[in-house]
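Novice:
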Amino acid sequence: MNKIGLIVEREFTERVRKKSFIISTLLTPLLMIAMMVLPSVMMLKGNSDTKNVVVIDNSPEQFVGKQLTSGKTVSFNLLAPGETLGKARMQHKSEYGILVIGSDILDNPQNLQLVLNDASSMSVEENIQSQIQGILRTERLKRYNLENMDQILADANVRVNSLQTLKNNEQEDDENMEKTSTTASWLMGLILGMLLYFILIVYGQQVLQSVIDEKQTRVLDVMVTSCTPFELMMGKILGIAVVAALQIVIWAVLIIGASAFVMPLIMGGNNVEAALAAAQNVPDPEVLSMVGKFTDVSYLAGLFLELLLYIVGGFLFYASMYAAIGSAVDTPQDAAQFNGIIMMPVIISIMVMMSVMNDPNSNLVFWCSMIPFTSPIVMMARIPFGIPTWQVAVSLVVLYISFILMTWVAARIFRVGVFMHGKKPSWKDLGAWIKMK
Amino acid sequence: MDSILKIEHVSKTYTGHKALDDVSMEVPRGSIYGLLGPNGAGKTTLIRVVNHMTIPDCGKVWFEGHEITADDIYQIGYMPEERGLYKKMKVGEQAVFFARMRGMSRMQATRKLKEWFERLGLSEWWDKKVEDLSKGMAQKVQFIATVVHEPKLLIFDEPFSGFDPINQNLLKEEILGLRDRGATVIFSTHNMESVEEICDDITLINKSHNILSGSVEEIRRKAGGNTFQVLYNGTPEQFSAAIDGKADLIGGSEGVIGGYTQQKIHIPSDDDVRAVIGTLNESVNLRSFQEIIPSMNDIFIRAVNGTL
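In the order they appear, the protein sequences are chains A and B.
Those letters in the first sequence? Residues 1 to 437, by the numbering used here.
Those letters in the second sequence? Residues 1001 to 1308, by the numbering used here.
#1: Residue range of the beta strand (DSSP E) that Trp1062(B) falls in?
#2: Excluding the 5 residues flanking Ala278(A) on each side, which residues of the same chain have their C-beta closer than 6 Å to its C-beta?
#3: Could you check whether Ile98(A) and Ile56(A) sit closer than 8 Å to each other, using their CB atoms as the reference points?
#4: Answer with yes or no whether the minimum CB distance from Asn1051(B) to chain A is below 8 Å.
#5: Does the beta carbon of Ser402(A) sit closer than 8 Å to a beta carbon anywhere in chain B?
#6: Tell me, please, whether the CB atom of Lys1087(B) is closer than 8 Å to any CB atom in chain A?
#7: Between the alpha carbons of Arg382(A) and Gly193(A), how many angstroms are there, rounded?
#8: Residues in the same chain with beta-carbon distance under 8 Å from Thr1013(B), minus the five sequence neighbours each way, listed in chain order, please.
#9: With three or more C-beta pairs closer than 8 Å as the rule, is the stretch 208-224 of chain A touching the stretch 366-378 of chain A?
#10: Using a 10 Å radius around the Cβ and a threshold of 16 neighbouring Cβ atoms, would you call Pro60(A) buried or exposed?
#11: If you check the beta carbons only, do Ser20(A) and Phe1098(B) fall under 8 Å apart?
#12: Near Lys3(A), which residues of its chain fall below 6 Å by C-beta distance, leaving aside the five closest residues on each side in sequence?
#13: Name the DSSP beta bridge partners of Ser1213(B), please?
#14: Return no unless some Cβ of chain A is closer than 8 Å to the Cβ of Gly1016(B).
#15: Can you tell me the Cα-Cα spacing of Val282(A) and Ser355(A), whole angstroms?
#16: Could you tell me which chain A residues have their CB closer than 9 Å to the CB of Glu1082(B), listed as they occur along the chain?
#17: Measure from the C-beta of Arg1102(B) to each C-beta in chain A and report whether the shortest distance is under 8 Å.
#18: Roughly how many angstroms lie between the CA atoms of Ile1243(B) and Gly1177(B), to the nearest whole one?
#19: Excluding sequence positions up to five away, which residues of its chain have a Cβ less than 8 Å from the Cβ of Met149(A)?
#20: Beta-carbon within less than 8 Å of Lys1128(B)'s beta-carbon, same chain only, minus the 5 sequence neighbours each way: which residues are those?
#21: Run the CB neighbour count on Arg412(A), radius 10 Å, all protein chains shown included, and call it buried at 16 or more, exposed below.
#22: Taking Cβ positions only, does Phe1098(B) come closer than 8 Å to chain A?
#23: Quick one: does Leu6(A) have its CB under 8 Å from some CB of chain B?
#24: If you measure from the beta carbon of Ile1004(B) to each beta carbon in chain A, is any gap under 8 Å?
#25: Pair every Cβ in the stretch 1230-1238 of chain B with every Cβ in the stretch 1273-1288 of chain B, then say whether three or more of these pairs are closer than 8 Å.
#26: Does Tyr96(A) come out as helix, strand or coil in the three-state DSSP assignment?
#27: Return the chain-ordered list of same chain residues with a C-beta closer than 7 Å to the C-beta of Ser103(A), the five sequence neighbours on each side being excluded.
#28: Quick check on the DSSP output: what are the complete alpha helix (DSSP H) runs of length 4 or more inside the stretch 1114-1188 of chain B, in order along the chain?
#29: Counting only the same chain and skipping the five closest in sequence on each side, list residues whose C-beta sits under 7 Å from that of Gly269(A).
#30: With a cut-off of 8 Å, does the C-beta of Lys3(A) fall near any C-beta of chain B?
#31: Whether or not the stretch 1050-1069 of chain B and the stretch 1198-1216 of chain B are in contact is what I'm after, with contact meaning three or more pairs of Cβ atoms, one per stretch, closer than 8 Å; do they touch?
#32: Which runs of the beta strand (DSSP E) spanning at least 3 residues fall entirely within the stretch 10-59 of chain A, listed in chain order?
#33: Sorted by chain position, which residues of the same chain lie with C-beta nearer than 8 Å to Asn339(A)'s C-beta, five sequence neighbours on each side aside?
#34: Does Phe1300(B) come out as helix, strand or coil in the three-state DSSP assignment?
#35: Pull up the distance between the alpha-carbon of Met343(A) and that of Gly314(A), whole angstroms please.
#36: Would you decide whether Asp1201(B) is buried or exposed? Buried here means 16 or more other CB atoms lie within 10 Å of its CB.
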């Protein structure tokens, strides 16, 4: 145990002192903030470039063209009746495009053309299509000559977007039922699953590299006579895990701190909610429910603890698989052939996680959240839906035991693999190495 | 014999290649034991078997009177031929790390290591990174890391390779010093001169077999095969007549040096040596009479070629 501690200490101090650690610790949050900020900045300021569209309207009394409203995305310039496309094409070369509305547009909505002088733009096309669709729909309704037409139109424009979902607490009274939110739960699981995926890719590779380095620098001959391979593997995995934890905590602090202070500055006075509200003109009740849910401290603390156990367990288990691979090969190039087997369960997990939203208790999802290869990611997506505690407990125990077992296997492969330098192991060899005394 | 390590009939086969074939040897406590052999003979495999890094197919290894276990290897200090140190780590910290891995406390390790660094002229390198060291210095660091926890048994694989003569001597002195303080030292080498100088006993391995074992003195005398170099003043006829029946000439006379003729002879029986000297002394003017003891280098080459 003492030796594991020593190896952990060495791995940790050596890694934390490296320039690359300091640089990546400081640069990554900058990148992430940039990724967060850029879209909002673009959303707020990027579209100031309004596209000018010249409109040739051949419809009766130019009823379409007159009703087109200019906005941030497109501004319309209606030409006098009788203008021809040929002439307009010569005269308005510098405009974004020329919209030609056919004379029979009301009966033949297909008779619509946009001649572009510039690259096409999805948002401009959508804007024009939806505006014209609205105009035509209203005009067609008007043809029925109903009374109070305007009022009917306004009244018919209804949206259903609030379905309150509640968790049945199996008690008589209808009060005190916990609000649940499928979208919010799933979203949170997804984010955490992705986070784990990211951690695995970044730090799992470091475990792999570290084990390979041990062989390439030939320190292992000395190490193997000072400690058992199991201690060495365990020390390396835990050492890198501590580094990962430290780095993630620093990132979290930097990102939260930065977004609290920097974001409002960049938004130029507009606060974030306003930006969100501007983006979606109606507040999504799902979002509201999520916000409500996340202000419940005890719920959050419990959830956080469970998720933390899965992130740590998932990392350790996968790291031990990377260690096993590092033990079996001599160079990172050779490791590539085994990399697939690690990524396979991760990809399967993410696919299963997608299906959790449909049914968090299906057979597939249940078993995938018990098997250690998939359980960290799948269970993280399930937990926010409210999963029986025994399931979480069993799955966690299986995960942590698997981690110890896998480390042991890695140590076996390491011990034998080391002394068979230069030979790429086959699957058969690996099996034999594990069994070897 | 009080032996610290005993290897009995050890064999090891790697895929299609026999690395060790029925090798036995016994290392007396407190001795310096040379493990000799050409490249690829199986020395390193044997060392790994002793270190419990490689499990032999058959045969046994005894340490301190019991069959060696995984725990025993922590009482063995091992310096592998391919030296390995963490390149990015600072020299002093690394040495302390290895010392602590072998059970020393941080304080104890630091104190001892500073002494050793001082002795081998490395003090100023304590805070440098390993990658900044020259090869020789890195080897010294490795040597210190191997011996600092004062293990009972030390195994050095080619300890002198990569050192200049001055540092080779320095290292030799240190190895002798370790032996004098009670450690047993096994080292494998190609450097036969160092074997003559410091080894008490040797085992010579060739093509995975143990072909020669014993104390250096005995082996050299045996290999000499009772051959003597004689310098005398007289005629060859007188000389031949004097040794007739007791000794044989080896070749003809090897020329005259300062008026004295040089001649090699072979005396089959040890008992006859004095008699031969006596008769020669009477018949010719005897200048010198000296047993020819072959160098370890000769013995090595002859043993490997099968002409010993």
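Ideal Cβ placement from N, Cα and C applies to all residues, glycine included.
Model, not experiment: these values are computed from the prediction.
Specialist: Working from what's here:
#1: Following the DSSP letters along the chain, one finds Trp1062(B) inside the beta strand (DSSP E) bounded by residues 1058-1063.
#2: Low confidence applies to Ala278(A): its pLDDT is 47, below 50, so where it sits in the model is not reliable enough to give any reading.
#3: A distance below 8 Å separates the beta carbons of Ile56(A) and Ile98(A).
#4: With a threshold of 8 Å between beta carbons, Asn1051(B) makes contact with chain A.
#5: Using beta-carbon distances, Ser402(A) does not count as an interface residue toward chain B, since no partner is under 8 Å.
#6: In terms of beta-carbon proximity, Lys1087(B) lines the interface with chain A, with at least one pair separated by less than 8 Å.
#7: Those two C-alpha atoms are separated by around 10 Å.
#8: Closer than 8 Å at Cβ, skipping near neighbours: Ala1019, Asp1057.
#9: Not touching, per the Cβ criterion.
#10: Counting the other CB atoms within 10 Å of its CB gives Pro60(A) a total below 16, which places it among the exposed residues.
#11: Taking 8 Å as the Cβ cut-off, Ser20(A) and Phe1098(B) do not qualify as a contacting pair.
#12: Cβ within range, chain order: Cys227, Glu231.
#13: Beta-bridge annotation (DSSP): Ser1213(B) is paired with Thr1203(B).
#14: Residue contact check for Gly1016(B) against chain A: no CB pair falls below 8 Å.
#15: Its pLDDT being 48, under 50, Val282(A) is placed unreliably in this model, and the coordinates cannot settle the point.
#16: The contacting residues are Arg218, Asp221.
#17: Yes - at least one Cβ of chain A is within 8 Å of the one on Arg1102(B).
#18: If you take the alpha carbons of Ile1243(B) and Gly1177(B), they lie about 47 Å apart.
#19: Residues of the same chain with a CB within less than 8 Å of the CB of Met149(A), apart from the 5 flanking positions on each side, are Leu141, Lys142 in chain order.
#20: Closer than 8 Å at the Cβ level, and outside the excluded window around Lys1128(B), lie Lys1090, Val1091.
#21: Burial call: buried.
#22: Yes, Phe1098(B) lies at the interface with chain A (some Cβ there is under 8 Å from its Cβ).
#23: It does: the Cβ of Leu6(A) has a partner Cβ on chain B nearer than 8 Å.
#24: Interface annotation, Ile1004(B): not in contact with chain A, CB-CB separation never under 8 Å.
#25: At 8 Å Cβ cutoff, the stretches touch.
#26: Three-state result, Tyr96(A): coil.
#27: Non-local C-beta neighbours of Ser103(A) in its own chain, meaning closer than 7 Å and more than five positions away in sequence, comprise Asn58, Ser59, ordered along the chain.
#28: Runs of the alpha helix (DSSP H) lying entirely within the stretch 1114-1188 of chain B, each at least 4 residues long, are 1135-1147, 1165-1180 in chain order.
#29: Residue confidence is low: Gly269(A) scores 49 on pLDDT, short of 50, so the model does not pin down where it sits. No coordinate-derived value is stated.
#30: Residue-level contact check: Lys3(A) touches chain B, since one or more beta carbons of chain B fall below 8 Å from its beta carbon.
#31: By the Cβ test, the stretch 1198-1216 of chain B is not in contact with the stretch 1050-1069 of chain B, since fewer than three Cβ pairs between them sit closer than 8 Å.
#32: For the stretch 10-59 of chain A, whole beta strand (DSSP E) runs of length 3 or above, ordered along the chain, are 51-57.
#33: Within the same chain, Ile325 come within 8 Å of Asn339(A) by CB-CB distance, once the 5 residues on both sides are set aside.
#34: Residue state, collapsed to three classes: helix.
#35: Near 13 Å, if we compare the C-alpha coordinates of Gly314(A) and Met343(A).
#36: A residue is called buried once 16 or more other Cβ atoms fall within 10 Å of its Cβ, and Asp1201(B) is buried on that count.
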